[in-house]
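So the sequence lines, in the order shown, correspond to chains A and B.
According to my numbering, the first sequence holds residues 1 to 293 in order.
According to my numbering, the second sequence holds residues 1 to 282 in order.
Working notes, beginning with the structure itself.
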Amino acid sequence: MEKRVVFRSAWLPYLLVAPQIAITVVFFFWPAVQAVWYSFLLQDAFGLKTQFVGLQNFVALFNDPHYLQSFKITALFSVLVAGSGIVISLLLAAMADRVIRGALAYKTLLIWPYAVAPAIAGVLWAFMFAPSIGIVTYALKKMGVDWNWVVNGDQAMLLVVIAAVWNQISYNFLFFLAGLQSIPKSLIEAAAIDGAGPVRRFGSIVLPLLSPTTFFLLVINIVYAFFATFGVIDATTQGGPAGATQILVYKVFYDGVKAGDLGGSSAQSVVLMFIVITLTVIQFRFIERRVQY
Amino acid sequence: MVENRPWLNFFAHAVLILGAVVIAFPLYVAFVASTLPYEQIVAVPMPLMPGDRLLENYGQVLLHGSTKGSGAAVSRMLFNSMVMALVIPFGKITISIISAFAIVYFRFPLRNFFFWMIFVTLMLPVEVRIIPTFQVIADLGMLNTYAGLTLPLIASATATFLFRQFFMTVPDELAEAARIDGAGPMRFFWDVVLPLSKTTMAALFVIQFIYGWNQYLWPLLITSEESMYTSVIGIARMIVGGDAATEWHLVMSTALLAMLPPALVVLLMQKWFVKGLVETEK
């Protein structure tokens, strides 16, 4: 798309784009180029000598069982977060689309968690599930469940998944609700006249028509689970116990900032960049398709 | 509604009420904890009725902070969060609207190049370039400064796209009329484009306010002085490890204070919030 009517000036447009381009170059491109450059370097233990080692950091990375483990954990984490988040919010949105009385009140009650910072979401849930004093821990103990996420890796994973999903439900809910409301009522009515019940209508008409929204949310939720959940993890498990919740982003942070492994952390950054680029391309491909249809 | 099915309506309300209660439960527990003395929280199980320490706990964190972990006053952290939450949307909207204006309303060499440069930043979230970005900020001497906290976050492809998309829908006749009346590009920008963009700006502001307020990784990296902590960082720093060692009553008071501004923005500006959310992702 292009504008038919444009203005002419030899310098004004450059002046107008200058601030954005300056910030983009200084804080996006320069660090990204450096990340790629560092990923080819190896620093000795004292940070005195740095030498060029080519792809050695990457080779080391993919031979590192901890890194491969972190990949698996990230995959599991994002599947759990995206899957349960989408199912729960679709259920809530389908119900909210149906009710008339109190619709605005329900909507308000369901969207506020979006305002909560991921780190705070983590803290709230960690408090309720705290091994010795948590209120939910107490209830679980009464039911005979021994809960201690500080030592149990699966429970730690469950905790961060719950906190992450809780934080993201509002977002999914709003998109599903918008999607549901854009389905023409005539289709639903026609099916009802043909004798299809609510469950049948949902399965045969609503779900297929919602598939673009669902796919979009799937990509967004995976991106969310990959990157935006850093706060949840740092404020609760810090990747533990024994790396059970150490997702890729957390490992980049941990290796780079806490362990001081510049080359290894940068190599991981480069891998992550590839993942983001892939996800972004998928997302845009999909959006183009949606526009045509 | 297509047909009347009372049991289905009942079911829908039941699911929604259950959902709302489960979602609100952590908030309620946090609120109760923030009104209790420390001893009552660590006595298992903690009561589920609010106590009488509301003013003491909130006064304590606002003026003095916690006694273990970070001892910085939360009022200062809230101020820092507010700086981020206001400067980031303001800066983002300003630089994005002018760059989108240039890209849509001018033809100039390198125009597409600039557009792609901005576009590519979508693929470089701060999480994937932690160390080098930190180094750039350190080299520029911007550690522990408001400039360091906000500047790297104000460049955004989404805001530029949103304005670009909106400008494409502005009728060409407006620009034509402005030109015939002898208005230059900046006059057209101030008198036509800016007033028309008000709703887009409001929607973007709400989303970016929450984005700025809730930043975590970035302030965590570049602030080492307690006086520069944001409220979200402050909460994480108050947790000293070990259930009973953490002053949960103060942590929860701080958490509620830190949740309040963005929650108010979402609830009071719900219309703009929904618009902003749905449109920035288009």
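Think of the CB as a built atom: it goes at the ideal place given N, C-alpha and C, for glycine as much as any other residue.
Computed from a predicted structure; not experimentally measured.
Backbone secondary structure at residue i - three-state DSSP
i: B:Q165; result: helix
i: B:L140; result: coil
i: B:I106; result: For the record, residue 106 of chain B in the displayed sequence is Phe; it is not Ile. Looking at B:F106 - three-state DSSP - the assignment turns out to be strand.
i: A:F52; result: strand
i: A:Q268; result: helix
i: A:F129; result: coil
i: A:V291; result: Residue placement at A:V291 cannot be trusted, given a pLDDT of 41 that sits under 50; the coordinates are not used to answer.
Span of the beta strand (DSSP E) around residue i
i: A:Q43; result: 41-43
First through last residue of the alpha helix (DSSP H) which encompasses residue i
i: B:I239; result: Neither: B:I239 is in no alpha helix (DSSP H) and is coded neither H nor E.
i: B:N214; result: First-last for B:N214: undefined, no H or E at that position.
i: B:N9; result: 6-34
i: A:G83; result: 65-98
i: B:V120; result: 111-120
i: B:V126; result: Unbroken run through B:V126: none, as it is neither H nor E.
i: A:F230; result: 230-235
i: A:K258; result: Looking at the DSSP string, A:K258 is not in any alpha helix (DSSP H), and its letter there is neither H nor E.
i: B:G148; result: 146-150
i: A:A22; result: 12-24
i: A:A35; result: 30-38
i: A:W112; result: Per DSSP, A:W112 belongs to no alpha helix (DSSP H) and is neither H nor E.
i: A:K141; result: 135-142
i: B:P37; result: Element bounds for B:P37: n/a, residue is neither H nor E.
i: B:R179; result: 172-180
i: B:V192; result: From DSSP, B:V192 is part of no alpha helix (DSSP H); its letter is neither H nor E.
i: B:A72; result: That residue, B:A72, is in no alpha helix (DSSP H); it is neither H nor E in DSSP.
i: B:S253; result: 248-268
i: B:Y58; result: 54-63
Residue i to residue j span [Cα, whole Å]
i: B:P261; j: B:L196; result: 28 Å
i: A:L140; j: A:W147; result: 7 Å
i: A:V145; j: A:V161; result: 19 Å
i: B:V74; j: B:N214; result: 15 Å
i: B:R76; j: B:A30; result: 22 Å
i: A:A115; j: A:L217; result: 19 Å
i: B:Y58; j: A:A117; result: 20 Å
i: A:R285; j: B:S66; result: 50 Å
i: A:Y293; j: B:I235; result: Because A:Y293 carries a pLDDT of 35, less than 50, the predicted location of this residue cannot be relied on, and the following value inherits that uncertainty. Cα to Cα, A:Y293 sits roughly 47 Å from B:I235.
i: A:T113; j: B:T133; result: Looking at the sequence provided, one finds Pro at residue 113 of chain A rather than Thr. A:P113 and B:T133: Cα-Cα distance of roughly 30 Å.
i: B:T199; j: B:W272; result: 8 Å
i: B:G276; j: B:F209; result: 11 Å
i: A:L180; j: A:I86; result: 14 Å
i: B:W190; j: B:I93; result: 15 Å
i: A:S269; j: A:I21; result: 23 Å
i: A:G83; j: B:F119; result: 29 Å
i: B:L162; j: A:I220; result: 18 Å
i: B:S224; j: B:W218; result: 12 Å
i: A:L15; j: B:F106; result: 12 Å
i: B:P6; j: A:L207; result: 23 Å
i: B:V104; j: B:I131; result: 35 Å
i: B:P171; j: B:A159; result: 21 Å
i: B:W129; j: A:F40; result: According to the sequence provided, residue 129 of chain B is Arg. The question's Trp does not apply to it. Distance between the alpha carbons of B:R129 and A:F40 is about 15 Å.
i: B:Y216; j: A:A163; result: 16 Å
i: A:T278; j: A:L272; result: 10 Å
i: A:V33; j: B:V136; result: 12 Å
i: B:F114; j: A:V17; result: 8 Å
Residue i: CB within 7 Å of a non-hydrogen atom of the ligand GTP
i: B:V61; result: Summarising the ligand content, the structure contains no ligands, and the ligand GTP is consequently not present.
At what residue ranges does the segment 184-213 of chain A contain a whole run of the alpha helix (DSSP H), taking only runs of 4 or more? 185-193, 198-201
Residues, ordered as in the chain, of the segment 176-191 of chain B that lie near chain A by beta-carbon distance below 8 Å: Those residues of the segment 176-191 of chain B that come within reach of chain A (Cβ to Cβ, closer than 8 Å) are E176, R179, G184, P185, M186, F188.
Which runs of the alpha helix (DSSP H), 4 residues or longer, sit entirely within the segment 147-188 of chain A? 153-181
For the segment 95-116 of chain B, which residues have a beta carbon sitting closer than 8 Å to at least one beta carbon of chain A? I95, S96, I98, S99, F101, A102, I103, V104, Y105, F106, R107, F108, R111, F114
Counting only Cβ-Cβ distances shorter than 9 Å, please list the residues of the segment 263-282 of chain B near chain A, keeping chain order. Taking 9 Å as the Cβ-Cβ cut-off against chain A, the residues of the segment 263-282 of chain B that qualify are A263, L264, V265, V266, L267, Q270, F273, V274, L277, V278, E281, K282.
Any C-beta of chain A within less than 7 Å: which residues of the segment 117-128 of chain B qualify? M117, I118, T121, L122, M123, L124, P125, E127, V128
Quick one: which residues of the segment 192-203 of chain B get their C-beta closer than 7 Å to a C-beta of chain A? List them in chain order. none
Please list, in chain order, the residues of the segment 228-243 of chain A that have any C-beta partner in chain B closer than 7 Å. F230, G231, D234, A235
Give the residues from the segment 72-88 of chain B that approach chain A closer than 8 Å (Cβ to any Cβ), ordered along the chain. Hits within the stretch: zero.
Within 7 Å of chain B by C-beta, residues of the segment 125-143 of chain A in sequence order: W125, F127, M128, A130, P131, S132, I133, I135, Y138
By the 9 Å beta-carbon criterion, what residues does the segment 132-146 of chain B contribute toward chain A? P132, T133, F134, Q135, V136, I137, L140
Output, in sequence order along the chain, the residues in the segment 181-210 of chain A whose CB is closer than 7 Å to any CB in chain B. I188, E189, A192, P198
Going along the segment 26-49 of chain B in order, which residues come within less than 8 Å of chain A, judged by CB to CB distance? Hits within the stretch, in order: P26, L27, V29, A30, A33, I41, V42, V44, P45, M46, L48.
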